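Structure first, commentary second.
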Amino acid sequence: MSSSGARSGVQGWAGKRSPLLLGAAFALGGTLGLSQTLRRRVQGREQLAEEEQQQQQQEEEAAELTLYQYKTCPFCSKVRAFLDYHGLPYEIVEVNPVMRKEIKFSSYRKVPILLVNVGSALQLNDSSVIISALKTHLISRKNLDEIVSYYPSMKALNERGKEVTEYGNKYWLMLDEQETMRLYPIKAARTEEMKWRKWVDDWLVHLISPNVYRTPSEALASFDYIVREGKFGTLEGFFAKYVGAAAMFFISKRLKSRHHLQDNVREDLYKAADDWVKAIGKHRMFMGGTQPNLADLAVYGVLRVMEGLEAFDDMMTHTKIQPWYRHMEAAIGHAGATN
Ligand SMILES: N[C@@H](CCC(=O)N[C@@H](CS)C(=O)NCC(=O)O)C(=O)O
Ligand SMILES: *[C@@H]1O[C@H](CO)[C@@H](O)[C@H](O)[C@H]1NC(C)=O
Numbered sequence: 001m002s003s004s005g006a007r008s009g010v011q012g013w014a015g016k017r018s019p020l021l022l023g024a025a026f027a028l029g030g031t032l033g034l035s036q037t038l039r040r041r042v043q044g045r046e047q048l049a050e051e052e053q054q055q056q057q058q059e060e061e062a063a064e065l066t067l068y069q070y071k072t073c074p075f076c077s078k079v080r081a082f083l084d085y086h087g088l089p090y091e092i093v094e095v096n097p098v099m100r101k102e103i104k105f106s107s108y109r110k111v112p113i114l115l116v117n118v119g120s121a122l123q124l125n126d127s128s129v130i131i132s133a134l135k136t137h138l139i140s141r142k143n144l145d146e147i148v149s150y151y152p153s154m155k156a157l158n159e160r161g162k163e164v165t166e167y168g169n170k171y172w173l174m175l176d177e178q179e180t181m182r183l184y185p186i187k188a189a190r191t192e193e194m195k196w197r198k199w200v201d202d203w204l205v206h207l208i209s210p211n212v213y214r215t216p217s218e219a220l221a222s223f224d225y226i227v228r229e230g231k232f233g234t235l236e237g238f239f240a241k242y243v244g245a246a247a248m249f250f251i252s253k254r255l256k257s258r259h260h261l262q263d264n265v266r267e268d269l270y271k272a273a274d275d276w277v278k279a280i281g282k283h284r285m286f287m288g289g290t291q292p293n294l295a296d297l298a299v300y301g302v303l304r305v306m307e308g309l310e311a312f313d314d315m316m317t318h319t320k321i322q323p324w325y326r327h328m329e330a331a332i333g334h335a336g337a338t339n
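Note that UniProt numbering numbers the sequence shown so that position 80 is 80, with each residue one more than the last.
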């Protein structure tokens, strides 16, 4: 699917005019890109009758943001949590994990990928880069093209000698002194947020597979859920479920030793959840205080993919994470993709 084809059928952001979004649209300045398009829509809206508006929206522009994802991928869920919380409307293109035809256009071969329509399509890769770049844009009004240049891609070899793409500075927001003071009135808050975002990518995500594929029956339940939520052909889905479940049951044992988990993988999950709650402490609702920060959104986005599975229920009953989790659900609300 071409990127423009993928972005057809957009509904725009009608019905999503939350005060937050309007606020963001105005706060963003005269830079080319996201902010300008959002603003144009707000102005246009005032001048047009409702019916005309709808029609114009349909013909007018492609979506500003298009997220290529697997629904159940923790990195993708993290990006959705960020977009939803900030009231940024986006289109989803669900990628078939078997053929991955939808991301053929990209030489970067992982999801999530975010295409940003800044006149041309700007492609952002890697969940943490996507989040840092967009957050920087929302705060600083700097042009996204420019912002992205501060997160250079680097080819590196991982522990097993495989070539991987990494991005520099990916937990760092590119803010000047004033913007930094505005977002992080307390200096330590910035360091803390970075530390825990990195913890999510380097540790928390690695606990998911070993936990949701722990036993054959959990592996089957997990694949049932992946096939139900994801994009598979009928036959493909059937095979994916049984073959995938069997494969992941064994692979998850390898992942368990690769990432040095305890034999009982639940113990690591429980400890992670409680470490997180302890880091927030008794006097804050979120790590970000009264509002979630990027670390809150990252932890929530990752844990959320286990909802409905045994591992998630176990975590809720055996740890102290539930109150924070419920607050996160409330903070994010019902926002979501436009398609
Ligand atoms: N560091 C990346 C990791 C993304 C990632 O590993 N995505 C998986 C899906 S959950 C993927 O696309 N894997 C395909 C592959 O590695 O070829 C991020 O944070 O976005
Ligand atoms: C993302 O990956 C694509 C394809 O490899 C590349 O062309 C693009 O420049 C990358 N984007 C960024 C911001 O590095």
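For every residue, glycine included, the Cβ atom is placed at its ideal position computed from N, Cα and C.
Note that the structure is predicted; figures quoted are calculated from it, not measured.
When secondary structure is reduced to three states using DSSP, residue 159 falls in the coil class, being assigned neither helix nor strand. Going by DSSP, residue 130 is part of no beta strand (DSSP E) but of the alpha helix (DSSP H) stretching over 127 to 140. Ranking 271, 283, 168 by CA distance to the CA of residue 319 puts 271 first.
Contact between residue 117 and residue 64 holds, since their C-beta atoms are separated by about 5 Å, short of 8 Å.
Sorting 94, 168, 89, 198 by C-alpha distance to the C-alpha of residue 297 places 198 at the top.
In the three-state DSSP reduction, residue 178 falls in the helix class (H, G or I).
Around the beta carbon of residue 163, fewer than 16 other beta carbons lie within 10 angstroms, which makes this residue exposed. DSSP lists 167 as the beta-bridge partner residues of residue 153. The Cβ neighbour count for residue 78, taken over all protein chains shown within 10 Å, is at least 16; the residue is labelled buried. Here the C-alpha atom of residue 222 lies approximately 14 Å from the C-alpha atom of residue 74. The closest CA to that of residue 174, considering only 242, 136, 193, is found on 136. With 6 Å as the limit, the residues whose C-beta approaches a heavy atom of ligand 2 more closely than that are 106, 107, 108, 123, 124, 125, 148, 153, in chain order. For residue 338, there is no enclosing alpha helix (DSSP H), as DSSP marks it with neither H nor E. When DSSP states are grouped into helix, strand and coil, residue 65 belongs to the strand group. Taking the Cα positions, residue 303 is about 8 Å away from residue 205.
Counting the other Cβ atoms within 10 Å of the Cβ of residue 195 gives fewer than 16, which makes it exposed. Look at residue 261 here: in three-state DSSP terms it is coil, with no helix or strand label. In this structure, the alpha-carbon of residue 267 lies about 49 Å from that of residue 119.
Secondary structure in the stretch 73 to 116: the alpha helix (DSSP H) runs of 4 residues or longer, each lying completely within the stretch, are 74 to 85 in chain order. Residue state for residue 309 is assigned as coil, using DSSP reduced to three classes.
The straight-line gap separating the alpha-carbon atoms of residue 89 and residue 128 is approximately 19 Å. When distances are taken from the beta-carbon of residue 238 to the heavy atoms of ligand 1, even the shortest one reaches 6 Å or more.
At a Cβ-Cβ threshold of 7 Å, residue 67 and residue 92 count as neighbours. In the three-state DSSP reduction, residue 288 falls in the coil class, being neither helix nor strand.
For residue 191, the uninterrupted alpha helix (DSSP H) run begins and ends at 187 to 202, by DSSP.
Listed in chain order, the non-local C-beta contacts of residue 308 below 8 Å within the same chain comprise 225, local neighbours out to five positions each way being set aside. Closest in C-alpha terms to residue 244, from the list 209, 156, 273, 257, comes 209.
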